[in-house]
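Visitor: The listed protein sequences derive, respectively, from chains A and B.
Whatever position you read off the first sequence (first residue = 1), add 112 for the numbering used here.
Whatever position you read off the second sequence (first residue = 1), add 13 for the numbering used here.
Backbone N, C-alpha and C define an ideal beta-carbon position, used for all residues, glycine too.
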Amino acid sequence: MLRGLWKLTWIEIKIFLREPLGAFGTIAVPVLVFLIGGRMAGRRMTPSSLDASNFIRVGLPVLATVLITISSVMSLITIISIYREGGILRRLRATPLRPQTILTAHVIVKLLLTVATLALMVLAGKRFYPVGVHVHLFSFTVALVIATWSTLSLGFLIASIVPTARFAQPIGVILLYPMLAISGLFFPVAALPPLLHALARILPLTYAVSLLQGIWVGEPWSAHLGDLTALVVLFVAYTAISARIFRWE
Amino acid sequence: MNKTSQPVIHVSGVRKTYGATIAVDEVSFDVHDGEIFGLIGPNGAGKTTTMECIEGLRKPDRGNISVLGLDPVRDVYKLQNRIGVQLQQAQLQKRIKVWEAVDLWASLYEKKSVDGEQLLAQLGLADKRDAWFMNLSGGQKQRLFIALALINDPEVVFLDELTTGLDPQARRAIWELVRGIRERGKTVFLTTHLMEEAERLCDRVAIIEHGRIIDADTPARLVDRHCPERTVVLATDDAHAEERFRAIPRVESVGRSEARFTIRGRGDDLVTDVIHCLSENRIRVTEFRTVLPNLEDVFLKLTGHEFRD
Numbered sequence: 113m114l115r116g117l118w119k120l121t122w123i124e125i126k127i128f129l130r131e132p133l134g135a136f137g138t139i140a141v142p143v144l145v146f147l148i149g150g151r152m153a154g155r156r157m158t159p160s161s162l163d164a165s166n167f168i169r170v171g172l173p174v175l176a177t178v179l180i181t182i183s184s185v186m187s188l189i190t191i192i193s194i195y196r197e198g199g200i201l202r203r204l205r206a207t208p209l210r211p212q213t214i215l216t217a218h219v220i221v222k223l224l225l226t227v228a229t230l231a232l233m234v235l236a237g238k239r240f241y242p243v244g245v246h247v248h249l250f251s252f253t254v255a256l257v258i259a260t261w262s263t264l265s266l267g268f269l270i271a272s273i274v275p276t277a278r279f280a281q282p283i284g285v286i287l288l289y290p291m292l293a294i295s296g297l298f299f300p301v302a303a304l305p306p307l308l309h310a311l312a313r314i315l316p317l318t319y320a321v322s323l324l325q326g327i328w329v330g331e332p333w334s335a336h337l338g339d340l341t342a343l344v345v346l347f348v349a350y351t352a353i354s355a356r357i358f359r360w361e
Numbered sequence: 014m015n016k017t018s019q020p021v022i023h024v025s026g027v028r029k030t031y032g033a034t035i036a037v038d039e040v041s042f043d044v045h046d047g048e049i050f051g052l053i054g055p056n057g058a059g060k061t062t063t064m065e066c067i068e069g070l071r072k073p074d075r076g077n078i079s080v081l082g083l084d085p086v087r088d089v090y091k092l093q094n095r096i097g098v099q100l101q102q103a104q105l106q107k108r109i110k111v112w113e114a115v116d117l118w119a120s121l122y123e124k125k126s127v128d129g130e131q132l133l134a135q136l137g138l139a140d141k142r143d144a145w146f147m148n149l150s151g152g153q154k155q156r157l158f159i160a161l162a163l164i165n166d167p168e169v170v171f172l173d174e175l176t177t178g179l180d181p182q183a184r185r186a187i188w189e190l191v192r193g194i195r196e197r198g199k200t201v202f203l204t205t206h207l208m209e210e211a212e213r214l215c216d217r218v219a220i221i222e223h224g225r226i227i228d229a230d231t232p233a234r235l236v237d238r239h240c241p242e243r244t245v246v247l248a249t250d251d252a253h254a255e256e257r258f259r260a261i262p263r264v265e266s267v268g269r270s271e272a273r274f275t276i277r278g279r280g281d282d283l284v285t286d287v288i289h290c291l292s293e294n295r296i297r298v299t300e301f302r303t304v305l306p307n308l309e310d311v312f313l314k315l316t317g318h319e320f321r322d
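1) May I ask you to list, following chain order, the residues of the segment 48 to 81 of chain B that have a beta carbon less than 7 Å from some beta carbon of chain A?
2) Indicate whether at least one CB of chain B lies closer than 7 Å to the CB of A:Phe347.
3) Can you look up A:Ile148 in the DSSP assignment and give me helix, strand or coil?
4) Alpha carbon to alpha carbon, how far is B:Gly26 from B:Val86?
5) By the 7 Å beta-carbon criterion, what residues does the segment 95 to 110 of chain B contribute toward chain A?
6) I think B:Ile261 touches B:Val284, with their Cβ atoms under 8 Å apart; what is that distance to the nearest whole Å?
7) Using a cut-off of 7 Å between C-beta atoms, extract the partners of B:Tyr90 located in chain A.
8) CB-CB under 8 Å to A:Glu124, same chain, minus the five flanking residues each way: which ones, in chain order?
9) Quick one: grab the DSSP three-state call for A:Gly326.
10) Among residues of its own chain, excluding the 5 on either side of B:Thr62, which ones have a beta-carbon nearer than 7 Å to its beta-carbon?
11) Does chain A have any CB closer than 7 Å to the CB of B:Gln93?
12) Kindly identify the DSSP beta-bridge partner or partners of B:Arg217.
13) Closest Cβ-Cβ distance between B:Glu174 and chain A: below 7 Å?
14) So, helix, strand or coil for A:Gln212, using DSSP?
15) Please list the terminal residues of the continuous beta strand (DSSP E) segment that includes B:Asp180.
16) Run through DSSP, which three-state label would B:His23 get?
17) Contact between the segment 151 to 167 of chain B and the segment 73 to 87 of chain B is defined here as three or more beta-carbon pairs at a separation below 8 Å; is this criterion met?
18) Along the segment 188 to 201 of chain A, where does the CB come closer than 8 Å to a CB of chain B? Name the residues.
19) According to DSSP, is B:Glu189 part of a helix, a strand, or is it coil?
20) Could you pull out every residue in the same chain whose Cβ sits closer than 7 Å to the Cβ of B:Asp251, ignoring the five residues on either side in sequence?
21) Chain B beta carbons: is any one of them nearer than 7 Å to that of A:Gly116?
22) Report yes if the CB atom of A:Thr177 is closer than 7 Å to the CB atom of A:Leu256, and no otherwise.
23) Rounded to a whole number of angstroms, what is the C-alpha to C-alpha distance between B:Glu174 and A:Gly284?
24) To the nearest angstrom, how far is the alpha carbon of A:Leu133 from that of A:Leu117?
25) Within this structure, are the beta carbons of A:Ser272 and A:Ile357 separated by less than 7 Å?
26) Can you list, in chain order, the residues of its chain with a C-beta nearer than 8 Å to that of B:Ala211? Leave out the 5 residues immediately preceding and following it.
27) I want to see whether chain B comes within less than 7 Å of A:Ile123, judged by CB atoms only; does it?
28) Going by C-alpha to C-alpha distance, which of A:Ile353, A:Ala352 and A:Thr318 sits closest to A:Gly338?
29) Output needed for A:Leu114: all residues of its chain with C-beta closer than 6 Å, excluding positions within five of it in sequence on either side, in chain order.
30) Show which residues of chain A have a CB atom less than 7 Å away from the CB atom of B:Trp118.
31) If you drop the 5 nearest sequence neighbours on each side, which residues of the same chain put their C-beta closer than 6 Å to that of A:Ile182?
32) Looking at the secondary structure, which residues open and close the beta strand (DSSP E) in which B:Ser270 lies?
33) Can you list, in chain order, the residues of the segment 266 to 290 of chain A whose Cβ is nearer than 8 Å to any Cβ on chain B?
34) Is the CB of B:Gln255 under 7 Å away from at least one CB in chain A?
35) What is the residue span of the beta strand (DSSP E) that B:Pro99 lies within?
36) Could you give the C-beta distance for B:Asp216 and B:Glu48, rounded to a whole number, given that I count them as a contact under 8 Å?
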């Protein structure tokens, strides 16, 4: 089952980096949101005020990291739809490569991309962010990887319903950003109307935000077992649905 | 190599539907060891569906398929290790390098693959090994796909519309490569909608239309069976030519437009008879050519309509 996985993963990484604009866009957006947002907020508010400190110390960094997840998922949706349209998936499938191997390679590439973007953000933050933030970086990275991994399964689901590659980007935007809006990052999930509340509960971003916020402010993993369980359950559910409706051509 | 009398590919009574559309129906044929077998017909006739059922990429609704003694659906991974596949209109990642594709493919198969660099050299791609897929010409892409189809030293090679979209020169070069595959002792199964390609390349062909096989045999025998007519076109100003030609027993009709005659009859001997008549009667000709029917004519005869490209 693992035959070809590492080679395919490595090739996909190289291919990703060979398209500078795409790679730059995917990596740069979250980092720029983080830096520019920080600069603007830092200038406008007195850093000592409670609101400002909360936004700059927690809100913005978590928003930026969730954007990393969204960026990765968006990139996955785009690539899968391009590969499907071009017959690349069909071609890869007509080899002893298992279908799971092909998709796993893409998940690994996106997770590596996620970690790389986070690393870049941390480095840039050390230099340019208005306030110093002190976070258990390893735990936070693990949390982001888990959150992204779970959300990528939703990405496969979205990639299944994208009709052509041309629609991949807009459909991704239309579906993913509203998910972010009701994820609890901007207002508490409990305050949402019942329908949106119910919707938020079956979307991975909701649990991703809760987990990332918690780990960011230094809460222990044990306080977030519910989030972790939800992310795993949603991953299994979305993967199961994707496996049924995923189109290879 | 399978040298028994068992066919390499055995297809019987295969039917495949997509919703209400019957793509192929009651398709049966055998492909033998070491031959180039062509499935020919217009676009949409069911060629690709048939081929993809044989490759294990699609599951037929009905019927039996066996390839190298394996069931393509049940034993798909075992089968894929022993066959090489080129798909119609498939692409690779735009920015994958030629050598990377070959290297990846080589790593996928259980048995030791052939030497990738050597394969690229044989296919005239050695100087393109570092090029991105997107920067290859149509002919180079097809040659790369042939390389990928051969990388696991397969026993059967499947080629689907291999030369579609190529210019005549690239097409001829590809035909040479396919003959080379047969010379290595492999069986080739190909589809084409180009009758000339089938005629020049295939040892045997099956003609498919509307999802059904109309007939299968060697191109020459198909022509003999369905289009035994032979035509000789010649030009002469001999005053008695026409009556002499009409006197040849095998001749069925003689057409004339000024000095040019079109003599039609049946059987290979017609041409000899005409030449004999010319020399016996000392008829001087300024033009002489024979028009032999080809697969295109067979197709026309069998289906009642022109072959659409």
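Guide: Answer, in terms of the structure:
1) The segment 48 to 81 of chain B vs chain A, Cβ under 7 Å: Glu68 and Leu70.
2) Stepping through the first sequence from its first residue, residue 347 of chain A is reached at position 235. With 7 Å as the cut-off, A:Phe347 does not count as an interface residue toward chain B.
3) One-based indexing of the first sequence puts residue 148 of chain A at position 36. Helix at A:Ile148.
4) To locate residue 26 of chain B, count along the second sequence from 1; it is residue 13. To locate residue 86 of chain B, count along the second sequence from 1; it is residue 73. C-alpha separation (whole angstroms): 16 Å.
5) Val98, Leu100, Gln102, Ala103, Gln104, Leu105, Gln106, Arg108 and Ile109
6) Against the second sequence, residue 261 of chain B aligns to sequence position 248. Against the second sequence, residue 284 of chain B aligns to sequence position 271. The pair is not a contact, with the Cβ atoms about 11 Å apart (cut-off 8 Å).
7) The count along the second sequence starts at 1 and reaches residue 90 of chain B at position 77. Neighbours of B:Tyr90 on chain A, chain order: Pro208.
8) As a working mapping, residue 124 of chain A is identified with position 12 in the first sequence. Result list for A:Glu124: Ala217, His218 and Val221, in chain order.
9) What you label residue 326 of chain A is simply residue 214 of the first sequence in a count that begins at 1. Looking at A:Gly326 - three-state DSSP - the assignment turns out to be helix.
10) On the second sequence, residue 62 of chain B is found 49 positions in, with the first residue counted as 1. Once the five neighbours on either side are set aside, the close Cβ partners of B:Thr62 are Lys29, Ala36, Val37 and Arg71.
11) Residue numbering aside, residue 93 of chain B sits at position 80 when the second sequence is read from its first letter. So yes, B:Gln93 belongs to the interface.
12) Position 204 of the second sequence, counted from the start, is the residue given in the question as residue 217 of chain B. Answer by DSSP bridge pairing, in chain order: B:Phe50.
13) As a first step, residue 174 of chain B must be located in the second sequence, where it is residue number 161. So, not an interface residue.
14) Along the first sequence, one-based indexing puts residue 212 of chain A at 100. Of the three classes helix, strand and coil, the one that applies to A:Gln212 here is helix, per DSSP.
15) As a first step, residue 180 of chain B is located in the second sequence; it is residue number 167 there, counting from the start. Taken as a continuous stretch (DSSP letters only), B:Asp180 belongs to no beta strand (DSSP E), as it is neither H nor E.
16) In the second sequence, the residue the question calls residue 23 of chain B occupies position 10. Strand, per DSSP.
17) no
18) Tyr195, Gly198, Gly199 and Ile200
19) Looking up residue 189 of chain B in the second sequence gives position 176. Helix at B:Glu189.
20) Counting from 1 along the second sequence, the entry for residue 251 of chain B is found at position 238. Spatial neighbours of B:Asp251 in its own chain (CB-CB distance under 7 Å, excluding positions within 5 residues in sequence) are listed in chain order as Ile296 and Arg297.
21) The residue you call residue 116 of chain A lines up with position 4 of the first sequence. At least one chain B Cβ lies under 7 Å of A:Gly116.
22) Taking the first residue of the first sequence as 1, we reach residue 177 of chain A at position 65. Taking the first residue of the first sequence as 1, we reach residue 256 of chain A at position 144. A Cβ-Cβ contact shorter than 7 Å links A:Thr177 with A:Leu256.
23) Your numbering for residue 174 of chain B matches position 161 in the second sequence. Your numbering for residue 284 of chain A matches position 172 in the first sequence. Near 35 Å, if we compare the C-alpha coordinates of A:Gly284 and B:Glu174.
24) Here residue 133 of chain A corresponds to residue number 21 of the first sequence, with the count starting at 1. Here residue 117 of chain A corresponds to residue number 5 of the first sequence, with the count starting at 1. For A:Leu133 and A:Leu117, the distance between alpha carbons rounds to 26 Å.
25) Numbered from 1 along the first sequence, position 160 holds the residue referred to as residue 272 of chain A. Numbered from 1 along the first sequence, position 245 holds the residue referred to as residue 357 of chain A. Result yes, Cβ atoms of A:Ser272 and A:Ile357 sit closer than 7 Å.
26) Taking the second sequence and counting its residues from 1, one reaches residue 211 of chain B at position 198. Counting only Cβ-Cβ distances below 8 Å, and skipping sequence neighbours, we find Gly51, Ile53, Thr205, Val218, Pro232 and Leu308.
27) Indexing the first sequence from 1 puts residue 123 of chain A at position 11. Yes - at least one Cβ of chain B is within 7 Å of the one on A:Ile123.
28) Counting from 1 along the first sequence, the entry for residue 338 of chain A is found at position 226. Nearest C-alpha to A:Gly338: A:Thr318.
29) Locating residue 114 of chain A in the first sequence gives position 2, where the first residue counts as 1. Nothing listed; no residue qualifies.
30) Along the second sequence, read from residue 1 onward, the residue named residue 118 of chain B stands at position 105. Thr207, listed in chain order.
31) Position 70 of the first sequence, counted from the first residue, corresponds to residue 182 of chain A. Same-chain partners within the cutoff: Leu288.
32) Within the second sequence, numbered from 1, the residue matching residue 270 of chain B stands at position 257. Its beta strand (DSSP E) spans residues Val264 to Ser270.
33) Flagged: no residues at all.
34) Counting from 1 along the second sequence, the entry for residue 255 of chain B is found at position 242. Gln is not the amino acid found at residue 255 of chain B; the sequence shown has Glu there. No - not a single Cβ of chain A is within 7 Å of the one on B:Glu255.
35) Taking the second sequence and counting its residues from 1, one reaches residue 99 of chain B at position 86. This sequence places Gln at residue 99 of chain B; Pro is not what is there. Start and end: Ile96 to Gln99.
36) For the purposes of this step, residue 216 of chain B is taken as the residue at position 203 of the second sequence. For the purposes of this step, residue 48 of chain B is taken as the residue at position 35 of the second sequence. Between B:Glu48 and B:Asp216 the Cβ distance is about 4 Å, and since that is below 8 Å, they are a contact.
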